[in-house]
Amino acid sequence: MSGAGFPRIRVSGDAGERSRRYGELARQQILITRRGYERAFAAKGVDWARATAQARAYMPAIERHLPGLLDEIRGIAEGSGLAFEEILTINCRSEILHAATVAKAGRIIGECTSFALEPDRTASGETVLGQNWDWLEFLSDATILLEVEREDGPNYATLVEAGLLAKMILTESGLAIGINTLATSLDGTADRVPFHFVIRSLADSPHIAGALERVAGVPRAASGNYILANADGAVLNFETSPGGPRNVTPQIATTGAVVHANHFVDPVPGGHDLAPLAMADSFVRFGRMTRRVARAEDRLSDEDLRAALADHAEWPNSVCCHPDPAGGPDERWTTIASVVMHPARRALAFTVGPPCENAWHEIDYRELLA
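Be aware that the sequence shown starts at 5, since it is given in the numbering used here, and climbs by one per residue.
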């Protein structure tokens with residue numbers, strides 16, 4: 005299926021059938037993802053063989069806690085014509101890249117800024133979740149909208165780099181999910197579940213509380229932030245560091261809004277936040293989004309929210325992110341997509357590229373996600 009913006013790919017059937025079809029239909033984009041990450045790993049001093057070995061080390065934890073998702077990895081591999089380990093490795097890309105960067109005390113690639121608003125804070129009277137997904141520039145040609153029909157869980161749509169299990173998610177249950185990268189001194193333990201497997205597992209949850217239980221219930225390999233909003237008007241954010249439930253910190257929307265970037269708002273249990281060194285611009289982006297969204301006195305329209313996502317303070321590493329000309333060709337990042345979701349009406353709007361210079365596309369998903 006095609007249309008304006010990113011390619012739209014719809015799949016159905018059991019886990020194996022739908023993921024094989026995903027691999028077949030997105031083969032071209034998956035190859036871009038695979039080749040691009042090989043270059044990105046190499047730019048951090050990690051060759052493909054080493055990256056694959058690192059990914060294999062996560063297999064025991066995945067098999068213990070989320071074994072069904074390995075069927076999806078196998079299906080994507082079969083459909084795309086790539087090896088199982090190649091698809092596994094790109095789904096462990098956060099852990100591989102962050103470990104290489106933190107080991108050298110360097111700058112972590114990419115950044116994301118997100119928000120969620122309760123109904124009394126929006127002009128439409130609906131819950132809204134928005135995010136800029138800022139990541140490696142080559143993925144502009146490898147991003148898709150994956151639309152999943154299934155009988156073993158809620159249908160869902162996810163805007164994702166091709167070959168990965170999931171990224172930003174809107175579900176049949178009326179749940180919208182955004183994510184932010186975080187980094188701590190605790191990251192790097194292999195025998196835990198990788199970030200993108202945890203993200204994908206949230207599509208199986210019928211509600212926010214269930215999503216929190218899922219995140220807390222698996223030993224996570226990477227730090228990450230999860231921001232959620234549902235059709236009923238509820239909003240919740242939770243920061244996580246590697247480990248189990250004691251390393252999950254929920255944050256409620258005390259003012260009807262939550263905002264997040266790439267640093268911890270609350271202390272890291274048993275560790276420390278690496279953002280001041282690895283993602284220092286996060287603090288400015290968080291401040292800008294807090295001022296424009298969380299502290300706004302008036303109800304916010306979609307136009308207001310889209311304008312906030314186009315903020316250029318601290319350009320080029322601003323809320324609306326642009327490639328830094330000083331960066332290497334395989335280390336430059338940009339806003340791949342700006343996303344605004346309305347879970348009550350199962351609607352998803354997005355830009356292809358930075359929102360300051362690209363049109364918004366809107367998809368009504370009531371037919372898929374009713």
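Ideal Cβ positions, reconstructed from N, Cα and C, are used throughout, including at glycine.
| task | Determine the contact status of F142 and I36, defining contact as a CB-CB distance below 8 Å. | result | yes
| Nearest-angstrom Cα distance between I112 and W337? | 11 Å
| W139 bridges to which residues according to DSSP? | T338
| request: Return helix, strand or coil for G375, following the three-state DSSP convention. | output: Given that the chain is displayed from residue 5 to residue 374, the structure contains no residue 375 and the question cannot be resolved.
| query | In terms of residues, what are the limits of the beta strand (DSSP E) holding G228? | reply | 228 to 234
| task | Identify whether N173 lies in helix, strand or coil by the three-state DSSP scheme. | result | Looking at the sequence itself, residue 173 is Ile, so the reference to Asn does not match. Looking at I173 - three-state DSSP - the assignment turns out to be strand.
| query | Hey, how far is the Cα of G7 from the Cα of R22? | reply | Note on G7: pLDDT 44, under 50, position unreliable in the model; the coordinate value appears next. Taking the straight line from one Cα to the other gives about 21 Å.
| Taking Cβ to Cβ, would you say L190 is nearer than 8 Å to G248? | no
| alpha helix (DSSP H) containing A65: first to last residue? | 63 to 69
| Residue-chain proximity (N136, chain B), Cβ-Cβ < 8 Å | The structure shown contains no chain B, having only a single protein chain.
| request: Label P64 either buried or exposed according to how many other C-beta atoms from any shown protein chain fall within 10 Å of its C-beta, with 16 as the threshold for buried. | output: exposed
| query | To which residues of the same chain is G9 closer than 7 Å at the C-beta, ignoring the five residues directly before and after it? | reply | F354, V356, H365
| Out of curiosity, what's the CA-to-CA distance linking S322 and H200? | 25 Å
| message | Using a Cβ-Cβ cutoff of less than 7 Å, which residues in the same chain neighbour F287 once the five nearest sequence positions on both sides are dropped? | response | H267
| query | Out of curiosity, what's the CA-to-CA distance linking E130 and H346? | reply | 7 Å
| query | Just how far apart, CA to CA, sit R310 and V344? | reply | 8 Å
| task | Pair every Cβ in the region 290 to 299 with every Cβ in the region 255 to 271, then say whether three or more of these pairs are closer than 8 Å. | result | Counting Cβ pairs under 8 Å, three or more are found: they touch.
| said: Assuming W52 is part of the alpha helix (DSSP H), what are its boundary residues? | reply: Residues 52 to 60.
| request: Mind checking which residues open and close the beta strand (DSSP E) that includes S118? | output: 115 to 121
| Assigned secondary structure, P254 (DSSP; H/G/I helix, E/B strand, else coil) | strand
| Pairwise C-alpha distance: R97 and A103 | 10 Å
| Touch check for the region 150 to 170 and the region 194 to 210: three-plus C-beta pairs under 8 Å? | Cβ pair count under 8 Å is three or more, so yes.
| query | Sorted by chain position, which residues of the same chain lie with C-beta nearer than 8 Å to A279's C-beta, five sequence neighbours on each side aside? | reply | If you ignore the 5 residues before and after A279, its C-beta comes within less than 8 Å of the C-beta of L186, A187, N266, H267, F268, S286, F287, all in its own chain and listed in chain order.
| request: With A353 as the anchor, note down where its beta strand (DSSP E) starts and where it stops. | output: 351 to 356
| request: Find out if the Cβ-Cβ distance for the pair I256, G182 is shorter than 8 Å. | output: no
| Of the choices N362, L352, C360, whose alpha-carbon is the least far from that of A149? | Note that residue 149 corresponds to Leu in the displayed sequence, not to Ala. Of the listed residues, the one whose Cα sits closest to L149 is L352.
| request: Return the chain-ordered list of same chain residues with a C-beta closer than 7 Å to the C-beta of I94, the five sequence neighbours on each side being excluded. | output: T37, R38, Y41, G167, L168
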